[in-house]
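Only one structure is covered here, and it is reproduced in the block below.
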Amino acid sequence: MIDKYSPNEIEKIAQEFWKKNKSFTLKKINIKNKYYCLSMFPYPSGKLHMGHIRNYTIGDIISRYKKLCGHVVFNPIGWDAFGMPAENAARDNNISPEEWTKKNIKDMKTQLQNLGFSFDWNREINTSHYSYYKWEQMFFIKLFESELVYKKNTFVNWDPIDKTVLANEQVIDGRGWRSNALVERKKINQWYISITKYADLLFDDLLKLKHWPQKVKDMQKNWIEKKVGYNINYNDIENNLELNLFFEQINNLNNILFIQISKENLDLIKNKHFISLDNVEQILLLNKLNNKTHILFINDDITNCLYIFNKQNNLNIKIEEIEILTNSQSKIVISKINNYDNLNFLLKNLNNNNKSLLSFRILNKYEKIKIINDYNLKDWCISRQRYWGVPIPIIDCSKCGIIPENIERLPIKLPKINQKCYKNISLKKNKYFINILCYKCKNKAQRETDTFDTFFESSWYYAKYLCKKNLNSKYLNKWLPVDQYIGGIEHANLHLIYARFFCKVMKDFDILNYDEPFTHLLTQGMVLMHGSKMSKSKGNIIDQAQIISKYGADTLRLFIMFVAPPEQSFEWNENGIIGCKKFLDKIWNLSKKIQNLNENFDFFIKEENLNEIQLSIVKSYNDSLINIKSIIDNKMTFNVVIAILMTLTNLIYKMEITYDINKYIFKKILEAIIILLSPFSPHITHVIWTHILKKNTTILNESFPKNIDLINENPLLIWIPIYINGKFKKKIQIEKNTNQENLTKLILMDNNLNKFLENKEIKNVFYKKEKLINLVVK
1 MIDKYSPNEI
11 EKIAQEFWKK
21 NKSFTLKKIN
31 IKNKYYCLSM
41 FPYPSGKLHM
51 GHIRNYTIGD
61 IISRYKKLCG
71 HVVFNPIGWD
81 AFGMPAENAA
91 RDNNISPEEW
101 TKKNIKDMKT
111 QLQNLGFSFD
121 WNREINTSHY
131 SYYKWEQMFF
141 IKLFESELVY
151 KKNTFVNWDP
161 IDKTVLANEQ
171 VIDGRGWRSN
181 ALVERKKINQ
191 WYISITKYAD
201 LLFDDLLKLK
211 HWPQKVKDMQ
221 KNWIEKKVGY
231 NINYNDIENN
241 LELNLFFEQI
251 NNLNNILFIQ
261 ISKENLDLIK
271 NKHFISLDNV
281 EQILLLNKLN
291 NKTHILFIND
301 DITNCLYIFN
311 KQNNLNIKIE
321 EIEILTNSQS
331 KIVISKINNY
341 DNLNFLLKNL
351 NNNNKSLLSF
361 RILNKYEKIK
371 IINDYNLKDW
381 CISRQRYWGV
391 PIPIIDCSKC
401 GIIPENIERL
411 PIKLPKINQK
421 CYKNISLKKN
431 KYFINILCYK
441 CKNKAQRETD
451 TFDTFFESSW
461 YYAKYLCKKN
471 LNSKYLNKWL
481 PVDQYIGGIE
491 HANLHLIYAR
501 FFCKVMKDFD
511 ILNYDEPFTH
521 LLTQGMVLMH
531 GSKMSKSKGN
541 IIDQAQIISK
551 YGADTLRLFI
561 MFVAPPEQSF
571 EWNENGIIGC
581 KKFLDKIWNL
591 SKKIQNLNEN
601 FDFFIKEENL
611 NEIQLSIVKS
621 YNDSLINIKS
631 IIDNKMTFNV
641 VIAILMTLTN
651 LIYKMEITYD
661 INKYIFKKIL
671 EAIIILLSPF
681 SPHITHVIWT
691 HILKKNTTIL
701 NESFPKNIDL
711 INENPLLIWI
721 PIYINGKFKK
731 KIQIEKNTNQ
741 ENLTKLILMD
751 NNLNKFLENK
761 EIKNVFYKKE
771 KLINLVVK
C-alpha cells in the first residue's frame, strides 16, 4: 500500500493498468451514443512543448468527461510527419529525414503516454507511411479526373531559406510562415487545386457552424471575402480578345483614365502575338461607355497587382487579378480604393518617347453585363520542391502527355535515400524514380518530382483514424463528423479552410454523407513566458519532463487547466503549480481518512434531521453538480470547475466523521470529487479508487455523480433549479404544481436571484414542470 502521495509511483501504476487492459481502445464501431473528440495532431519535432500539453489535456478532459456521461468516446492520435523541418534536420545533423522522424515519434509517444492521455494508440496514424498517403494519392487522382486540379506556369511565392513554394495563406506580412524569410516572386510550373470552385459553399456554410468561435468564422469570412459586383464583358473582333471587368460599383467604369499592370501578369494574355514584350510598355484602350481613351501601362515592378487611376477624383483602385484570355471566362477584379497623390507624376512618365503605343478597338456595345459574386480566395498551390513529402502521382509521357498514375499502382512510394551526405536531397536526382515506362503506351515517361504541401495530408486525417485499411464509408458516416475539435486559432485560414474543402469534396465523391468536418471547435490560447510564446529561439522553453519529475503529470495537467480558461493565453508561473500539488496532496489524505469507512450507507436523508452546517454542505454539493455539468457542456471553462471542486473539498475537510450521517455525507461527496477530478488528474484518482477505496471496478467505468437526495416530510414541497440565461444560479423550494407565472414571481421576490434581474427585461421563460426553469433576460 502506498502511504504518501508519490506522483511518479502512482502514475506508473495507472499507466501500466491502462496499457494492459487496452482501456482506451475503440472496441465497437457500430454504436449509437458516440462521441468523437480530436485534438490537432502534432508535428514530430522531438519534444512536447507546453502548447502541446495544453491542447491534449483539453481533449483528454472532454473525452473522459463524456465517458462519465455515458458516451462511447473515440480519442485518437497520430503524426503529421512530413515537412521541411525533417529535411532541414537531415541537412544539419547528417541523418535521413525518415530516421529523424521515426526517432522523434518514438520519443514524443513516450512523452504523451507519460501524461496519461486517453489516446487510442491502436489507431495511430503516420502521414509519412505509405499506408496513409496511398489514399491521399488516390484523392489527388480523383480530383484530377474531376477537373479540380491543374498545372500552371506562373509567378509564385518562393521561400529562399526553405527553398520551396508557399501558398498565399503561408505568407504572413511578406514572410514565410516557417522560416520568416522575405518571400520572393519566382516563375515555376505548379500544381493547383481549384478550391475557388467551392468558394460559395465555403463562405455560405459558415452559417452552419453554430458551435465555432465567432472570431474563427470572421477570419474565414475575411479571407474568402465574398464580393458582389458587376461583370462587364467586352469582345474585340479584330484581335479575337475577350475581356471581363469586375466592378463593385458600376459608376467607376465612367472615370477610368489608365490601367497599370506588372509584366509579371502578361503571361495571362493568351493572344499576345500583337505585343512585343521587349519594348511595348503601353497599350491604348478605348472605353466605349464614355468614348475616352485610357492606357494599359505595363510596369516593371513585380507587384502582382494592377491599378486603375481615376482622373476626376484621383482615386487609386487596386485590382487583384487581371486575365485577358481567348475563348475563356476571365476577369479584371477591382477591389480596394485608396487615395493617391502622384497621378500627375505618373502621367508625365507615360509620355516618355521611349514608350510605344498600341491600340485596339472594343465593340460599341457591351456583350454582357451581369451581377456576379467574386472572392478574394485564390486556388491552392499544393506542389513543393522538397524531398520529404508525398510524391504527386503524375506521369509525363512522351506520347500520352501528362496523365495521372494508375490507381492500381498506388502507392507511389517515396524512395529511400542511399547517400552519406544529406545536404542536398532531391527527387530530381533520383533517375530510378523519375524514368519509367508509361503504363498506357509503354513509351518512355517521367514521374513528377514535386511533393504535396503538408496541408494536403492534414486536410482529411480525421477520417483515416476510423479506417485502418481503407476508407469505409459505413464506418465513416457512423462516427463523423468530429464532435469536438481542439487546436490553435492560427490554423483558421489554412488547415481549417482546407479541411472544410476536403470534407465537401469527399461528400461529392460519395465517401461521406455530410459536408462539414467539425461540429464544435475550441481554439486554445498560448502558453507564454515573459510575455512571448515559448520557443527555442527565444530561450524561454519549459522542460515538461522536469516539471513532471518534480510535481507529477497530474499536477501539471491540473495547473495548466486551472490557471486560465482554455481560449485565453496565460503566463507561465511555477508558483501556481505548487498550489495544485498541495490540492492533490489534500485529496490523497482525505481519501486515506475514508478507506476504512466500508459501511454501505444506502439511505435517504431527512432534511429535518440535518443541522444547518450539514444542510449547507449537502445543498452546496447538489448545486455544484448542476453547475459543473452546465459549465462543461456549455462553456468548457475548466478553471471554474476546478475551483468548484476545491471549494467542495474545503467544505468537507474539517467535517467530523464520527456520526453515521456525517460519514455518509463525507464519503458521498469525496467520492464524487474524485470522480469529477478524474478527467483532470487521472492517475491519482485511478489509484485512490482501486487501491485506497478498494472499489471493484476502475474509475473509468463510473458515471457522473448523483445528488444526495433529501427527503422532505412535506410531500407537497419540491426543490427546483433556477437558471438565468442558461446559467445555474440556485435551487428554491416550491409547492408541487406551481405554475410558470407564480414560480416567476417567487424568483423575482428572492433576494439572491433578484440581483441578477435588476434593470433587465425578461424576454422568454422556459419551464419544464417541476424539473427546472430558465429565464432569458436582456
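The opening residue of the sequence shown carries number 1 in UniProt numbering; numbering runs sequentially from there.
Glycine included, each C-beta is placed from N, C-alpha and C at the ideal position.
Nearest-angstrom beta carbon gap, residue j and residue i [assumed within contact, 8 Å]
i, j, result
"M561", "N639", "6 Å"
"E457", "V390", "7 Å"
"I188", "G176", "Actually they are not in contact, since the Cβ atoms of I188 and G176 sit about 16 Å apart, beyond 8 Å."
"I661", "L648", "Not quite, the Cβ-Cβ distance comes to about 18 Å (not below 8 Å), so this is no contact."
"H683", "A90", "Incorrect: roughly 37 Å between the Cβ atoms, too far for contact."
"S473", "I511", "6 Å"
"L677", "T690", "With 8 Å as the limit, L677 and T690 do not qualify as a contact, their Cβ atoms being about 15 Å apart."
Proximity of residue i and residue j at Cβ, strictly below 8 Å
i, j, result
"K378", "I125", "no"
"I692", "K606", "no"
"Q524", "I62", "no"
"I392", "F433", "no"
"Q220", "I594", "no"
"P44", "N88", "no"
"I29", "Y475", "yes"
"L166", "N157", "yes"
"L115", "R557", "yes"
"M108", "P42", "yes"
"I141", "P404", "yes"
"W460", "P97", "no"
"N406", "Y439", "yes"
"T555", "K586", "no"
"A445", "I395", "yes"
Cβ-based burial, residue i [other Cβ within 10 Å; buried from 16]
i, result
"V228", "exposed"
"T697", "exposed"
"S703", "exposed"
"T454", "buried"
"A643", "exposed"
"S624", "buried"
"Q170", "buried"
"S6", "exposed"
"E281", "Unreliable placement is indicated for E281, whose pLDDT of 40 sits below 50; the coordinate value is still reported in the next sentence. So E281 ends up on the buried side."
"P76", "buried"
"P517", "buried"
"T164", "buried"
"G78", "buried"
"L182", "exposed"
"C441", "exposed"
"R64", "buried"
"N739", "exposed"
"E9", "exposed"
"K768", "exposed"
Contacts around residue i, its chain only, beta-carbon distance under 6 Å, and the 5 residues preceding and following it disregarded
i, result
"M56", "Correcting the residue identity first, residue 56 is Tyr in this sequence and not Met. Hits under 6 Å: S39, F117."
"K771", "none"
"L775", "I724, I762, V765"
"A672", "P705"
"S569", "G525, M526, L528"
"I657", "K663, F666"
Residue i: first and last residue of the uninterrupted alpha helix (DSSP H) it sits in
i, result
"M529", "Careful: M529 lies outside any alpha helix (DSSP H), inside the beta strand (DSSP E) at 527 to 529."
"W223", "214 to 224"
"Y462", "461 to 464"
"E735", "Per DSSP, E735 belongs to no alpha helix (DSSP H); it is in the beta strand (DSSP E), 727 to 735."
"residue 806", "A question about residue 806 goes unanswered here, because the residues of the chain that appear run from 1 up to 778."
Contacting residues, own chain, Cβ-Cβ under 8 Å from residue i (five flanking each side not counted)
i, result
"Q214", "none"
"M655", "I617, N662, I665, F666"
First and last residue of the uninterrupted beta strand (DSSP E) at residue i
i, result
"D585", "Counting along the chain, D585 falls outside any beta strand (DSSP E), though it belongs to the alpha helix (DSSP H) covering 574 to 594."
"R185", "184 to 193"
"Y36", "34 to 39"
"C438", "It is not in any beta strand (DSSP E) - C438 carries neither H nor E in the DSSP assignment."
"A401", "The question names Ala, but residue 401 in the sequence shown is Gly. First-last of the beta strand (DSSP E) with G401: 401 to 404."
"N153", "149 to 159"
"F74", "72 to 74"
Close beta carbons around residue i, own chain, < 7 Å, minus the five adjacent residues each side
i, result
"H49", "M534, I541"
"G70", "N33, S703"
"I224", "A199, L202, F203, Y375, N376, L377"
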